[in-house]
């Protein structure tokens with residue numbers, strides 16, 4: 001009896017791992033193929049081969065130079081850095097009173113913030129472009145073709161505020177009482193006590209913002225008309241449409257554009273999955 | 001009292017930066033988009049045209065009223081039924097018939113109105129809605145079903161949970177631009193493309209994938225040797241190009257859904273399962289009566305996110321769009337983008353955008369009121 005149930009269990013586990021492995025392969029095949037193709041010669045991409053006979057490192061050099069990736073890369077990193085730090089600061093500041101303070105209109109403000117999640121980018125695109133052009137004319141520094149237009153509109157992030165609020169609500173009240181007895185105000189409490197506890201959610205929000213800024217395509221096309229501030233997504237798309245049938249170079253470009261994001265992901269993946277799990281919980 | 005005011009001031013000061021940005025670039029644009037949509041507006045504002053562009057986009061207002069009237073009647077019927085059923089233990093014949101009597105003309109009004117709108121409105125807009133509908137129906141059930149299964153498997157697995165989760169999540173964190181470019185090549189019509197190689201491996205004929213504007217139903221018929229088919233076979237099914245994009249979308253979001261569902265599964269208290277085991281419930285009963293109801297809030301959350309997401313979808317479709325697919329993959333967002341960039345028509349683009357926004361609003365509301373009631377939030 002006992003041994004029978006053990007065999008059954010073993011079979012079950014076998015089925016579980018088979019299912020998981022099939023899915024894992026499906027999830028990774030496009031990456032493997034991207035990597036393999038990026039090392040092939042042009043001829044090899046046209047024939048039905050699966051792996052390059054000789055690794056063509058020069059594809060990367062070619063793609064890097066032809067697409068002017070150096071400039072785009074620098075732009076994207078700068079834009080991402082500004083956007084991530086701005087979003088983190090603004091969202092943490094906004095999430096704190098929403099999660100932990102009593103004030104009139106709190107629930108309405110929170111509902112309005114959440115409602116902005118439903119607004120498609122294509123709806124806000126034209127009016128925001130007009131707003132940014134107006135700011136461009138009326139402020140002491142340039143907005144168009146410059147970092148403000150590319151970063152500032154994204155610093156009010158409903159999703160980030162929501163996620164951080166979820167986390168802040170879980171911090172025990174006793175901590176605040178203790179801090180108040182020690183004479184700390186909200187600002188000191190937030191930055192000295194709460195901030196160090198927020199590692200996982202802050203990294204998660206940071207990662208999301210980073211991905212979002214790395215992915216931006218339509219908006220940067222609209223607010224820049226020179227390569228000076230154009231991000232990598234625009235550069236890659238341009239390169240891909242110009243490179244035409246040169247699959248190996250396209251793939252090398254795609255790998256280059258992917259590396260920074262994957263690098264950050266591998267570094268913080270534990271905190272990220274932990275933080276992301278919170279986004280689905282009610283409260 | 002004085003302290004309360006100080007607290008409130010601090011709270012608002014904290015909120016200020018985010019609120020300023022959200023108001024300026026999240027809320028104000030809606031008002032502004034509406035304002036722009038009432039004008040002829042190319043690079044600069046031209047003349048005020050009122051609702052003319054809405055008529056051009058949506059169609060003859062008479063048909064709009066027709067639809068609204070029909071919808072109002074349906075709503076009334078549903079309310080009436082709920083009220084009548086709530087009154088007595090056994091619903092009378094009368095209470096069963098009245099809602100139906102109301103429903104038939106209401107349905108007729110809606111169908112008639114929609115038909116009129118389709119004939120008089122902007123073909124591009126309605127095509128966009130059709131494509132978006134195919135896209136949502138194609139992605140969401142598959143995505144949620146598959147990720148539910150995966151989350152369940154992950155939940156059951158003893159080792160390697162972290163490793164699998166890491167892999168499943170890769171597609172989600174990969175920059176859309178890169179993965180969409182990769183998929184564009186995987187689903188290219190070239191015989192050496194991965195999709196065609198797989199197809200050949202299965203002994204099937206080569207396809208044009210992202211370049212194919214014909215519907216999958218037509219392709220299936222053609223594969224069976226039938227070349228004579230009515231036009232609706234092509235109209236009422238998604239094109240192969242759209243199906244390819246749908247596959248991409250599923251591939252990207254399964255990991256995200258799985259991780260969130262896994263968190264939902266882990267949050268179910270163990271004693272429910274123990275109680276079920278004592279009662280001798282089998283695996284299916286446990287899943288049906290404990291797991292599913294208790295993760296239903298998570299599933300609901302994910303379905304909301306997914307519906308809004310498919311209606312907002314833009315970047316990857318823009319990248320995977322090909323001339324061969326014609327307008328068979330052009331969701332509403334793409335149509336709006338074309339108005340901005342190709343025709344430089346900000347006024348009409350804003351009209352379309354506003355229509356899209358209202359649609360998302362109504363859908364979210366409907367989803368919340370219809371599905372939201374079936375969700376189980378615990379005792």
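Residue numbers (the numbering used here), protein chains in the order written: chain C, 1 to 283; chain R, 1 to 379.
For each residue, glycine too, the CB sits at the ideal point set by N, CA and C.
Between the C-alpha atoms of residue 357(R) and residue 52(C) there is a straight-line separation of about 48 Å.
Within the segment 146-233 of chain R, no run of beta strand (DSSP E) at least 3 residues long lies entirely inside it. Contact annotation for residue 19(C) against chain R: 153 [CB-CB distance below 7 Å, chain order]. Counted as a single uninterrupted DSSP element, the alpha helix (DSSP H) harbouring residue 134(C) occupies residues 121-138. For residue 153(C), the neighbours in chain R by C-beta distance under 9 Å run, in chain order, 21, 24, 25, 26. Taking a Cβ-Cβ threshold of 8 Å, the residues of chain R close to residue 215(C) are 175, 176, 177, 315, in chain order. Taking a beta-carbon distance threshold of 8 Å, residue 369(R) does not count as an interface residue toward chain C. The Cβ neighbour count for residue 5(C), taken over all protein chains shown within 10 Å, is under 16; the residue is labelled exposed. Chain C places a beta carbon closer than 8 Å to that of residue 259(R), counting this residue as a contact.
Burial check for residue 53(R): the Cβ neighbour count within 10 Å reaches 16 or more, so the residue is buried.
Taking 8 Å as the CB threshold, residue 91(C) lines the interface with chain R. DSSP, reduced to helix, strand and coil, places residue 105(C) outside both helices and strands of the structure shown, so it counts as coil.
The three-state reading of DSSP puts residue 251(R) in helix, counting H, G and I together.
At a beta-carbon threshold of 9 Å, the residues of chain C lying near residue 255(R) are 27, ordered along the chain. Under the 10 Å beta carbon count, residue 255(R) is surrounded by 16 or more other beta carbons and is classified as buried.
The Cβ of residue 165(R) sits closer than 8 Å to at least one Cβ of chain C.
Between residue 214(R) and chain C, the shortest Cβ-Cβ separation is not below 8 Å.
Going by beta carbons, residue 210(R) and residue 244(R) fall inside the 8 Å limit. The residue from 203(R), 333(R), 239(R) with its alpha-carbon nearest to that of residue 217(R) is 239(R). The beta carbon of residue 364(R) falls within 8 Å of a beta carbon belonging to chain C, placing the residue at that interface. The C-beta distance from residue 21(R) to residue 90(C) rounds to 7 Å, short enough to fall under 8 Å.
Under the 10 Å beta carbon count, residue 362(R) is surrounded by fewer than 16 other beta carbons and is classified as exposed.
In this structure, DSSP gives residue 141(C) a state outside helix and strand, which the three-state scheme calls coil. Boundaries of the alpha helix (DSSP H) harbouring residue 176(C): 173-181, taken from the DSSP string. From the beta-carbon of residue 336(R), the residues of chain C found nearer than 7 Å are 122.
By the criterion of at least three beta-carbon pairs nearer than 8 Å, the segment 75-82 of chain C is not in contact with the segment 238-255 of chain C. At a cut-off of 8 Å between C-beta atoms, residue 186(C) counts as an interface residue with respect to chain R. By a beta-carbon distance limit of 8 Å, residue 305(R) does not contact residue 125(R). Their separation comes to about 24 Å. Against chain R, a Cβ distance below 8 Å from residue 16(C) picks out 153, 156, 157. Counted as a single uninterrupted DSSP element, the alpha helix (DSSP H) harbouring residue 309(R) occupies residues 292-312. Residue nearest to residue 104(C) within the set 333(R), 7(R), 226(R) is 7(R) (criterion: CA-CA distance). Burial is judged here by how many other beta carbons sit within 10 angstroms of a residue's own beta carbon; residue 29(R) has at least 16 and is buried. Take the alpha-carbon of residue 224(C) and the one of residue 294(R): they are about 48 Å apart. Per DSSP, residue 43(C) is one residue of the alpha helix (DSSP H) stretching across 42-46. Per DSSP, reduced to three states, the secondary structure at residue 45(R) is strand. Using a CB distance below 8 Å, no part of the segment 191-203 of chain C faces chain R.
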